[in-house]
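Undergrad:
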Amino acid sequence: MAEPARTRETSMRFTKMHGAGNDFVVLDLRDGLAPPDASLAARLADRHRGVGCDQILTIEAPRSAGAVAAYGIWNADGSPSQQCGNGARCVAAWLVRDGVARGDTFVVDSPLATHGVERLGEDRYAIAMGVPEFVPDRIPLHGFGEPRGEYDASVDEGVKLRFGAVSMGNPHAVIEVRSVDDTPVHHYGPLLQRSAHFPESVNVGFAEVVARDRVRLRVYERGVGETLACGSGACAAAAVLIRRGRVDRDVAIALPGGELRIRWPSDDAPVIMSGPAAFVFEGEWKA
Numbered sequence: 002m003a004e005p006a007r008t009r010e011t012s013m014r015f016t017k018m019h020g021a022g023n024d025f026v027v028l029d030l031r032d033g034l035a036p037p038d039a040s041l042a043a044r045l046a047d048r049h050r051g052v053g054c055d056q057i058l059t060i061e062a063p064r065s066a067g068a069v070a071a072y073g074i075w076n077a078d079g080s081p082s083q084q085c086g087n088g089a090r091c092v093a094a095w096l097v098r099d100g101v102a103r104g105d106t107f108v109v110d111s112p113l114a115t116h117g118v119e120r121l122g123e124d125r126y127a128i129a130m131g132v133p134e135f136v137p138d139r140i141p142l143h144g145f146g147e148p149r150g151e152y153d154a155s156v157d158e159g160v161k162l163r164f165g166a167v168s169m170g171n172p173h174a175v176i177e178v179r180s181v182d183d184t185p186v187h188h189y190g191p192l193l194q195r196s197a198h199f200p201e202s203v204n205v206g207f208a209e210v211v212a213r214d215r216v217r218l219r220v221y222e223r224g225v226g227e228t229l230a231c232g233s234g235a236c237a238a239a240a241v242l243i244r245r246g247r248v249d250r251d252v253a254i255a256l257p258g259g260e261l262r263i264r265w266p267s268d269d270a271p272v273i274m275s276g277p278a279a280f281v282f283e284g285e286w287k288a
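For the sequence shown, the numbering used here assigns the number 288 to the last residue and increments by one with no breaks.
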């Protein structure tokens with residue numbers, strides 16, 4: 002019988018990390034410490050009164066055979082998340098530094114899946130992010146039957162948006178734009194997130210195709226807002242644009258915080274995301 006999780010202590014150690022500017026507070030729960038509740042997660046993520054981050058990552062005991070560890074994800078508003086590509090790379094780097102993961106390849110469990118990891122070199126990792134899911138009910142995307150390359154939806158304020166939709170373990174909408182610089186991301190992002198078409202809300206990506214091997218991307222994430230980078234959003238944008246024939250199967254995604262490489266070998270293969278993971282500082286949270 003598993004031992005119950007220990008109650009939260011008056012202080013706890015944490016690690017601050019980032020992947021292409023998408024920043025995280027990492028907590029080690031392997032000794033039985035209880036995971037943060039929504040209130041604590043939001044306080045930790047507060048950039049004025051807490052540590053400050055886009056998401057909290059928790060290192061946990063593995064859930065599947067062969068995995069070296071598992072990780073949990075909490076958004077800045079305290080809500081749980083199912084996937085985070087940049088967070089997966091940071092977890093991988095943390096596990097390597099801690100000695101939990103040895104060698105250049107290993108496996109980790111996210112909240113809903115298992116992911117292969119490859120260490121590419123100093124502070125760079127590749128993550129197998131899974132096969133993109135385009136069936137609307139599985140995204141979930143309501144109001145549409147069969148998968149389409151593009152969907153049209155009327156949202157608040159009489160605005161109609163055209164987007165692609167996919168799940169990378171979490172729901173994504175991808176809007177192709179002429180210029181990410183001129184797009185009102187902070188206006189259209191929340192509008193689509195509130196749409197009844199997305200019952201679990203949605204991460205909204207705005208993609209500018211520069212060339213067949215290069216895309217500029219901004220992402221307005223659910224539970225967070227716009228971030229400097231979104232790994233699963235980069236995978237989603239690449240998958241949608243590849244299906245449309247707009248880009249190659251190996252493409253660079255340039256985000257405000259840095260560049261990720263996305264490779265999707267075939268429609269039935271996992272998307273492979275490559276990018277950096279960096280340590281910022283260690284600290285102690287006084288609860």
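Glycine is no exception: its CB is placed at the ideal position from the N, C-alpha and C atoms.
For the putative contact between Leu58 and Gly51, defined by C-beta atoms under 8 angstroms, what is the C-beta separation to the nearest angstrom?
TA: Position 57 of the sequence shown, counted from the first residue, corresponds to residue 58. Position 50 of the sequence shown, counted from the first residue, corresponds to residue 51. About 15 angstroms; that fails the 8 angstroms criterion.
Undergrad: Does the segment 134-141 come into contact with the segment 75-95, if we say contact requires no fewer than three beta-carbon pairs (one atom in each stretch) closer than 8 angstroms?
TA: no
Undergrad: Which same chain residues end up closer than 6 angstroms to Ile254 when comparing Cβ atoms and leaving out the 5 residues on each side of it in sequence?
TA: Position 253 of the sequence shown holds residue 254. For Ile254, where only same-chain residues beyond five positions count, the Cβ hits under 6 angstroms are Val216, Leu218, Ala235, Leu261, Ile263.
Undergrad: Give the secondary structure of Trp95 by DSSP, where H, G and I count as helix, E and B as strand, and everything else as coil.
TA: Position 94 of the sequence shown, counted from the start, is the residue given in the question as residue 95. Shown here, Trp95 sits in a helix according to DSSP, grouped into three states.
Undergrad: Can you find the residues in the same chain that come closer than 6 angstroms, C-beta to C-beta, to Met2, ignoring five residues on each side of it along the sequence?
TA: Taking the first residue of the sequence shown as position 1, residue 2 is located at position 1. A caution first: Met2 carries a pLDDT of 46, below 50, which makes its placement in the model unreliable, though a value can still be read off. Excluding sequence neighbours, Met2 sits near nothing in its chain.
Undergrad: Three Cβ pairs or more, each shorter than 8 angstroms: is that satisfied between the segment 239-254 and the segment 189-201?
TA: no
Undergrad: Please look up how many angstroms separate the CB atoms of Val225 and Ala77, rounded, as I've assumed it's under 8 angstroms.
TA: As a position in the sequence shown, residue 225 is number 224, starting the count at 1. As a position in the sequence shown, residue 77 is number 76, starting the count at 1. Yes, they are in contact, since the Cβ atoms of Val225 and Ala77 sit about 5 angstroms apart, within 8 angstroms.
Undergrad: Can you tell which of Arg250, Arg223, Arg195, Asp182 has the C-alpha that lies nearest to the C-alpha of Arg213?
TA: Taking the sequence shown and counting its residues from 1, one reaches residue 213 at position 212. Taking only the C-alpha atoms, the option nearest Arg213 is Arg250.
Undergrad: Use the C-beta contact count for Pro266: other C-beta atoms within 10 angstroms, 16 or more gives buried, fewer gives exposed.
TA: Along the sequence shown, one-based indexing puts residue 266 at 265. So Pro266 ends up on the exposed side.
Undergrad: Could you give the distance in angstroms between the alpha-carbon of Ser196 and the alpha-carbon of Val167?
TA: Numbered from 1 along the sequence shown, position 195 holds the residue referred to as residue 196. Numbered from 1 along the sequence shown, position 166 holds the residue referred to as residue 167. Roughly 16 angstroms separates the two Cα atoms.
Undergrad: Got a sec? Which residues, its chain only, sit under 7 angstroms from Val281 by beta carbon, not counting five neighbours each side?
TA: Reading the sequence shown from its first residue, position 280 is the one you call residue 281. Closer than 7 angstroms at Cβ, skipping near neighbours: Lys17, Met18, His19.
Undergrad: Assign Thr8 to buried or exposed, taking buried as 16 or more other Cβ atoms, counted over all protein chains shown, within 10 Å of its Cβ.
TA: As a first step, residue 8 is located in the sequence shown; it is residue number 7 there, counting from the start. Only weak support is given to the placement of Thr8: the predicted model assigns it a pLDDT of 49, under 50, and the question is left unresolved by the model.
Undergrad: So what's Pro141 in DSSP terms, helix, strand or just coil?
TA: Position 140 of the sequence shown, counted from the first residue, corresponds to residue 141. In the structure shown, Pro141 sits in coil (DSSP, three-state: anything other than H, G, I, E or B).
Undergrad: In the structure shown, what three-state DSSP assignment does Arg50 receive?
TA: As a first step, residue 50 must be located in the sequence shown, where it is residue number 49. Of the three classes helix, strand and coil, the one that applies to Arg50 here is coil, per DSSP.
Undergrad: If contact is defined by three or more beta carbon pairs under 8 angstroms, each pair taking one atom from either stretch, is the segment 106-122 in contact with the segment 139-153?
TA: no
Undergrad: Smallest Cα separation from Asp32: which of Cys54, Asp24, Ala39, Pro63?
TA: Numbered from 1 along the sequence shown, position 31 holds the residue referred to as residue 32. It is Pro63.
Undergrad: Who are Phe164's beta bridge partners in DSSP?
TA: The residue given as residue 164 occupies position 163 in the sequence shown. DSSP output for Phe164 lists Tyr152 as bridge partner(s).
Undergrad: Taking the alpha carbon of Glu283 as the point to measure from, which residue in Ala68, Leu28, Leu113 has its own alpha carbon closest?
TA: Position 282 of the sequence shown, counted from the first residue, corresponds to residue 283. Comparing Cα positions, the closest option is Leu28.
Undergrad: So Asp110 packs on Ser82, CB below 8 angstroms; how close in whole Å?
TA: The count along the sequence shown starts at 1 and reaches residue 110 at position 109. The count along the sequence shown starts at 1 and reaches residue 82 at position 81. Between Ser82 and Asp110 the Cβ distance is about 14 angstroms, and since that is not below 8 angstroms, they are no contact.
Undergrad: By a C-beta neighbour count over all protein chains shown, 10 Å radius and 16 as the cutoff for buried, is Asp47 buried or exposed?
TA: Here residue 47 refers to the residue found at position 46 of the sequence shown. By the neighbour-count rule (16 or more Cβ atoms within 10 Å), Asp47 is not buried but exposed.
Undergrad: Write down every uninterrupted run of the beta strand (DSSP E) in the segment 174-241 whose length is 3 residues or greater and which is fully enclosed by it, in chain order.
TA: 204-212, 215-222, 226-228
Undergrad: Report the residue from Asp182, Arg179, Tyr221 whose alpha carbon sits nearest the alpha carbon of Pro191.
TA: If you number the sequence shown from 1, residue 191 lands on position 190. Checked all of Asp182, Arg179, Tyr221; the closest Cα to Pro191 is Tyr221.
Undergrad: Relative to the C-alpha of Ala89, which candidate in Pro148, Ser40, Asp24, Arg103 has its C-alpha closest?
TA: Counting from 1 along the sequence shown, the entry for residue 89 is found at position 88. Selected option, being the one with the closest Cα: Asp24.
Undergrad: Leaving out five residues before and five after Arg125 in sequence, what residues of the same chain have Cβ atoms less than 6 angstroms from its Cβ?
TA: Counting from one through the sequence shown, the residue named residue 125 turns up at place 124. For Arg125, where only same-chain residues beyond five positions count, the Cβ hits under 6 angstroms are Pro277.
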